[in-house]
Amino acid sequence: MVGNGVQPASGPPIVGRHTEREAVDRLLDAVRDGLSGALVLTGEPGIGKTRMLEYAAARATELRVVRLTAVEPETGLGFGALHRLLRPFLNRTDRLPGPQRAALDAALGRVPGPPADRYLVGLATLTLLSEAAADQPLLFLLDDAQWLDRESAEALAFTARRLHADSLGLIIAVREGLGDSGLFDALSVHRVRGLSEADARALLSFGTRRVDAAVADRIVAGTGGNPLALLELTEALAAEQLSGITPLPDPLPVGRLLEGHFRRLAGALPPGTATLLLLLAAAPSDDMGMMWRSAGRLGLAARAVQPAVAAGILGRDTPTAFRHPLIRSTVYAGAEPGERRRVHAALAAACDAVRDADRRAWHRAEAAEGVDDGVADDLEAASERARSRGGYSQQALFLSRSAEFTGDPGRRAERLLDAAQAHLMSGDAAAAGTALDLAGADLRSPVTRTRELRIRATAQLLQIVVADVPAMLMDAVTRLGAQDPVLTWELLCEALHAALVAHDCTQGTSLKEVADAAVAARHALAPAARDRDLLMEGLARRVAQGYERGTPVLRAALDGLLGSDRIEDANSPFAVMMSTACDDLWDVRAGRELTARLAAANRETGALYALGMALLAEARHLLWDGRFDEAEIRFAEFDDIAADTGFPGGGDLNRLHLFALTGREDELRSAVRRTAELRSIGLGLHQLLAQHALAHFELGRGHYRPALEHARAVFDADSPACGNLVLPLLVEAGVRTGDRAGVAAALARLEERAPLAGTPWALGGLALGRALTADGVDARKFYEESVELLGQGPLALELARTRLLFGEWLRRRKRRSDARKHLRAAYESFDAFGAVPYAERARIELLATGEKARRRTEETRFDLTPRERQVASMAASGLTNTEIATRLFVTASTVEFHLNKVFRKLGITSRKQIPRAIGEPAGPG
Numbered sequence: 000m001v002g003n004g005v006q007p008a009s010g011p012p013i014v015g016r017h018t019e020r021e022a023v024d025r026l027l028d029a030v031r032d033g034l035s036g037a038l039v040l041t042g043e044p045g046i047g048k049t050r051m052l053e054y055a056a057a058r059a060t061e062l063r064v065v066r067l068t069a070v071e072p073e074t075g076l077g078f079g080a081l082h083r084l085l086r087p088f089l090n091r092t093d094r095l096p097g098p099q100r101a102a103l104d105a106a107l108g109r110v111p112g113p114p115a116d117r118y119l120v121g122l123a124t125l126t127l128l129s130e131a132a133a134d135q136p137l138l139f140l141l142d143d144a145q146w147l148d149r150e151s152a153e154a155l156a157f158t159a160r161r162l163h164a165d166s167l168g169l170i171i172a173v174r175e176g177l178g179d180s181g182l183f184d185a186l187s188v189h190r191v192r193g194l195s196e197a198d199a200r201a202l203l204s205f206g207t208r209r210v211d212a213a214v215a216d217r218i219v220a221g222t223g224g225n226p227l228a229l230l231e232l233t234e235a236l237a238a239e240q241l242s243g244i245t246p247l248p249d250p251l252p253v254g255r256l257l258e259g260h261f262r263r264l265a266g267a268l269p270p271g272t273a274t275l276l277l278l279l280a281a282a283p284s285d286d287m288g289m290m291w292r293s294a295g296r297l298g299l300a301a302r303a304v305q306p307a308v309a310a311g312i313l314g315r316d317t318p319t320a321f322r323h324p325l326i327r328s329t330v331y332a333g334a335e336p337g338e339r340r341r342v343h344a345a346l347a348a349a350c351d352a353v354r355d356a357d358r359r360a361w362h363r364a365e366a367a368e369g370v371d372d373g374v375a376d377d378l379e380a381a382s383e384r385a386r387s388r389g390g391y392s393q394q395a396l397f398l399s400r401s402a403e404f405t406g407d408p409g410r411r412a413e414r415l416l417d418a419a420q421a422h423l424m425s426g427d428a429a430a431a432g433t434a435l436d437l438a439g440a441d442l443r444s445p446v447t448r449t450r451e452l453r454i455r456a457t458a459q460l461l462q463i464v465v466a467d468v469p470a471m472l473m474d475a476v477t478r479l480g481a482q483d484p485v486l487t488w489e490l491l492c493e494a495l496h497a498a499l500v501a502h503d504c505t506q507g508t509s510l511k512e513v514a515d516a517a518v519a520a521r522h523a524l525a526p527a528a529r530d531r532d533l534l535m536e537g538l539a540r541r542v543a544q545g546y547e548r549g550t551p552v553l554r555a556a557l558d559g560l561l562g563s564d565r566i567e568d569a570n571s572p573f574a575v576m577m578s579t580a581c582d583d584l585w586d587v588r589a590g591r592e593l594t595a596r597l598a599a600a601n602r603e604t605g606a607l608y609a610l611g612m613a614l615l616a617e618a619r620h621l622l623w624d625g626r627f628d629e630a631e632i633r634f635a636e637f638d639d640i641a642a643d644t645g646f647p648g649g650g651d652l653n654r655l656h657l658f659a660l661t662g663r664e665d666e667l668r669s670a671v672r673r674t675a676e677l678r679s680i681g682l683g684l685h686q687l688l689a690q691h692a693l694a695h696f697e698l699g700r701g702h703y704r705p706a707l708e709h710a711r712a713v714f715d716a717d718s719p720a721c722g723n724l725v726l727p728l729l730v731e732a733g734v735r736t737g738d739r740a741g742v743a744a745a746l747a748r749l750e751e752r753a754p755l756a757g758t759p760w761a762l763g764g765l766a767l768g769r770a771l772t773a774d775g776v777d778a779r780k781f782y783e784e785s786v787e788l789l790g791q792g793p794l795a796l797e798l799a800r801t802r803l804l805f806g807e808w809l810r811r812r813k814r815r816s817d818a819r820k821h822l823r824a825a826y827e828s829f830d831a832f833g834a835v836p837y838a839e840r841a842r843i844e845l846l847a848t849g850e851k852a853r854r855r856t857e858e859t860r861f862d863l864t865p866r867e868r869q870v871a872s873m874a875a876s877g878l879t880n881t882e883i884a885t886r887l888f889v890t891a892s893t894v895e896f897h898l899n900k901v902f903r904k905l906g907i908t909s910r911k912q913i914p915r916a917i918g919e920p921a922g923p924g
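Numbering of the sequence shown is given in numbering that gives the first Met the number 0, commencing with residue 0 and proceeding in unit increments.
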């Protein structure tokens, strides 16, 4: 029954647990082999999670083992657990890249600095631990993870998700049903269940008291095989009950009996020992200096631990550590409120007023009762220090506690409002809503009511529930009145962004009303404006006043951004609006450059949410250039970021055009159905993008009637995001189906807008539209003009489409030799991109000219995963492993792991061979 001869240091032997031990052993073997892994053990109290951590520690003899037990009283101290975990390695922080070091130092309060981005802190944690594991493989054992502060939990979850080839293992034990933030859900989770009947009876046989066989069966059944319950109940029950003379309680109240048993054990101790136990439960387990200073203030001597050790409450080997985490929780929860306050007062007095100011404020709050403005002020000051470190959930908790001790209702409401904003910054929209509800009617001034509505609207945006966000922000503008024109403009910019995303799904207002209000508000501001303001003004004018009025402002905004050394507002939805403006002006070159710069800036600062938006914009521009594999890399990285940040917008919904252009019909139809389901939450723009993708898909197959219907829906909506891009598709579908009215309308819009935009894509699209509707010499001239113009930009897909249409036109006029040249070029381009529907259409046309299309030989570079392709591309550009790791938020050893797989798959032996193998130019390195 005892596993592999390896047992924990103390307590009864482990019986059974074969599945759990195998999972632990697999992780340890992976770490020994240079790989990494994370395992989450979840289950009810006493089920054996802590014992499995002890098993892991005993098995990991050649690994460096670091253990941490989170404690409930310190749940609100942001980055506190992370600081304790990293303390042995902080002498290595000088080896971190500059932004990571600055973020970690700021988060841990080591140096003053701007608020740390929590994902950059996670990356710094990953890099630091990977660096340490290079000297000796590491195993981290984290118990009672439900009591982690949110910032530490986020950093550790980020680290665990990014582990790959770092000789580092992480095993996390978390109590089921408590503190379930979902942060560890993406990891390998194993639910620890009760022992089997045979194993449970075997465990009972190791006890010190004799148990009747029938009674043992009742105890096994009644406890569900919970090991702690089995052992403790045999100690708690009377001898007559164990022998079967007196009946057992029915049913066995396992949880209540366990907690009652531990309370009785603690209650039987001398008063000084009971107070010392409570102090141990409330104090950080790794700061015994503070604990003993507090004990001195309470008049407690060191020998007071001895009765607790004798009673089995504290460990014999470590007499200041509880034998089981559940005992700590029971001692703290079962104490009298007055006694708890007395202990916290002692802890507060033992804290250094400068070095431990936050912990001191927290303990003062736990020691206080009723309104206490001094405590409230201390907590607010602590919240500011938390904000300065980027500990936004800690800031929110301090502010919420500060509000509890605040006497003035208005001041209390303002602190709750600030707490809601901090919750929002930490990504906890539900907690933000709760804080706003608590503030309630005490938010009386127009400014505070405006802030409340803005926070509620932003919370909904984070959950991509967009439909009523524009109306909420318009209401906030109304409440604010004329008090603050700058704030009014910011609110309307946010409303415009939400309304463009919602399109026709807005509730309580419309996109046109929001745009009208934004245009009017812009007049109230000083003429000078940031490029961001010009961009939003241009979009507002485009919707409210028409394309002719919006285009010059958008052009000025994009030119300003292109000429600027930096891009403002990297943490806003700027990438989405910027990409929309570029598509509306048919300016793919500006879109490529600006989104690449924005993505680089976001990588530098660790702004993952903003980086995700930039990646989606980059992918869209890459698609128009036929670089489908690179677009998929961006989509895959966005999905990783969505998982890291908890953003619900990942998955196939973003790949509509990729599915359409590559002919993956089942995936396309599935994603289109999802867009229809999202109307209820306001994602109207996604439906238009789905219609645009379907128009491409049907045109590629030569199905012109359905293509016409899809394109017409986009044309009628005329969204800046795709209203112009659909025009050549609509002309083509209309010409093929004989829809003269539709063709005339689409061509008229092209004639009006393309010259205003003036880009090669716009003018090339106009020339294509004219070619499709002309004949003879004029048609040929327009086709040639379109080919020449589209060849000037990174528009390989659009160029191939024009050459396909030109070749079809030439073939139908019996000019087979000329037709072959264009059809061959179109086919080879589509085939290289992986644009299957268009490639097949071009192949059939080419066959009709008498030439057989050469089929592409499959290349091994396309066997690479998106991550491998991304690493290979960066290595080809000359980046080092460390530079690649920093950009991808992984470790250098993980990059090396991926590169080894790239070498193997491509059959190469050096980095110099990568560019040729993947078909990319070599970089300067």
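Glycine included, each C-beta is placed from N, C-alpha and C at the ideal position.
These figures come from a predicted structure and were not determined experimentally.
- Phe-205 sits in coil when the DSSP states are folded into three classes, being neither helix nor strand.
- According to the DSSP assignment, Asp-104 belongs to no beta strand (DSSP E) but to the alpha helix (DSSP H) extending over 97 to 106.
- Segment contact: the stretch 81 to 100 against the stretch 122 to 134, three or more CB-CB distances shorter than 8 Å; contact assigned.
- Within the stretch 416 to 450, not a single complete beta strand (DSSP E) segment reaches 3 residues in length.
- Membership of Leu-26 in the alpha helix (DSSP H) is indicated by the continuous run 17 to 31.
- Fewer than three beta-carbon pairs drawn from the stretch 649 to 656 and the stretch 469 to 477 are found closer than 8 Å, and the two stretches are therefore not classed as touching.
- With three or more CB-CB distances shorter than 8 Å, the stretch 540 to 552 counts as touching the stretch 508 to 516.
- Per DSSP, Ala-56 is not a residue of any beta strand (DSSP E); the alpha helix (DSSP H) it occupies stretches across 48 to 58.
- Taking Ala-273 as the centre and dropping the five residues before and after it, the same chain places the C-beta of Ala-265, Gly-266 closer than 8 Å to its C-beta, in chain order.
- Residue state for Ser-816 is assigned as helix, using DSSP reduced to three classes.
- By the C-beta criterion, the stretch 701 to 717 is judged not to be in contact with the stretch 571 to 582, since fewer than 3 inter-stretch pairs fall below 8 Å.
- A residue is called buried once 16 or more other Cβ atoms fall within 10 Å of its Cβ, and Met-612 is buried on that count.
- Within the same chain, Cβ atoms closer than 8 Å to the Cβ of Leu-247 are found at Val-214, Arg-217, Ile-218, Gly-221, Leu-236, Gln-240, the five residues on either side in sequence being excluded.
- Of the candidates Lys-911, Asp-583, Asp-427, the residue whose Cα lies closest to the Cα of Arg-455 is Asp-427.
- With contacts defined by Cβ atoms closer than 9 Å, Glu-536 and Ala-556 form a contacting pair.
- Residues of the same chain with a CB within less than 8 Å of the CB of Val-304, apart from the 5 flanking positions on each side, are Thr-272, Leu-275, Leu-313, Pro-318, Thr-319 in chain order.
- Separation of the CB atoms of Thr-505 and Leu-479 is rounded to 20 Å, and the pair is thereby denied contact status at 8 Å.
- Take the alpha-carbon of Leu-561 and the one of Ala-589: they are about 7 Å apart.
- In this chain, the beta strand (DSSP E) harbouring Thr-41 covers 35 to 42.
- A distance below 9 Å separates the beta carbons of Gly-741 and Leu-707.
- For Phe-139, the secondary structure class from DSSP, reduced to helix, strand or coil, is strand.
- With respect to the C-alpha of Glu-750, the residue from Arg-739, Leu-765, Trp-760, Pro-920 having the closest C-alpha is Leu-765.
- Every unbroken stretch of the alpha helix (DSSP H) spanning 4 or more residues and falling wholly within the stretch 566 to 616 is given here in chain order: 573 to 583, 587 to 604.
- Annotated as proximal: Val-476 and Ala-520, with beta-carbon spacing under 9 Å.
- Closest option to Ala-642, judged by alpha-carbon separation, among Leu-119, Pro-12, Asp-817, Leu-186: Leu-186.
- Closest by C-alpha distance to His-709, out of Glu-839, Cys-721, His-691, Ala-720, is His-691.
- For Gly-168, no alpha helix (DSSP H) run applies; the uninterrupted beta strand (DSSP E) run containing it begins and ends at 167 to 174, by DSSP.
- Comparing alpha-carbon positions, the option among Asn-90, Leu-194, Ala-834 lying closest to Ile-13 turns out to be Leu-194.
- A distance below 8 Å between beta-carbons, with the five flanking residues on each side excluded, links Pro-306 to the following residues of its chain, in chain order: Leu-268, Pro-269, Thr-272.
- Around the beta carbon of Glu-61, fewer than 16 other beta carbons lie within 10 angstroms, which makes this residue exposed.
- In the DSSP annotation of this structure, His-362 is not part of any beta strand (DSSP E); the continuous alpha helix (DSSP H) holding it starts and ends at 356 to 366.
- According to the DSSP assignment, Arg-868 belongs to no beta strand (DSSP E) but to the alpha helix (DSSP H) extending over 865 to 875.
- Note on Gly-683: 16 or more other CB atoms within 10 angstroms of its CB, so buried under the neighbour-count rule.
- About 5 Å separates the beta carbon of Leu-141 from that of Leu-67, a gap short enough to meet the 8 Å contact definition.
- According to the DSSP secondary-structure assignment, Leu-313 is paired through a beta bridge with Phe-321.
- Between Gly-36 and Leu-169, the gap from beta carbon to beta carbon is short of 9 Å.
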